[in-house]
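These notes are about the structure you will find just below.
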Amino acid sequence: MNFFYLYGEVNELFQAWLKDDQENINEELADVAIFLLGISEMVGSDLGEDIIKKMAVNEKRKYINEKKIEG
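So for the sequence shown, this note's numbering puts the first residue at 30; every next one is plus one.
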């Protein structure tokens, strides 16, 4: 069920972004983070650790004109 709520919060964040409503953007970002942390806890994941690992993977990726280059 939390996945559906997360989807809704991401949509609300997107709508706030479209309106350039910074106060609402900040609020919706917080909601997204809260649901992500909740889901992370439900599945036994350490979200902070996972983010650090994923950032290390992303640092090694190469892009040209915002397109990922394989290899």
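Positions of the beta carbon are idealized from the N, C-alpha and C atoms, including for glycine.
Bear in mind the structure is a predicted one, so any value in this text is a computation, not a measurement.
Across which residues does DSSP place residue i in a beta bridge pair?
i	result
I81	In the DSSP output, where bridge partners are listed per residue, I81 has none listed.
I93	K96
Between residue i and the rest of its own chain, which residues show a CB-CB distance below 8 Å, the 5 nearest in sequence each way excluded?
i	result
S69	D75, L76 and D79
F64	N31, Y34, L35 and E38
Among the options, which has the Cα closest to the Cα of residue i?
i	options	result
N53	A62, I81, V61 and L42	L42
Tell me which same chain residues have a C-beta within less than 7 Å of the C-beta of residue i, skipping the five on either side of it?
i	result
E57	E38, E41, L42 and A45
Y92	I98
R90	K97
Which whole-angstrom value is the C-beta distance of residue i and residue j, which I expect to be below 8 Å?
i	j	result
V61	L35	7 Å
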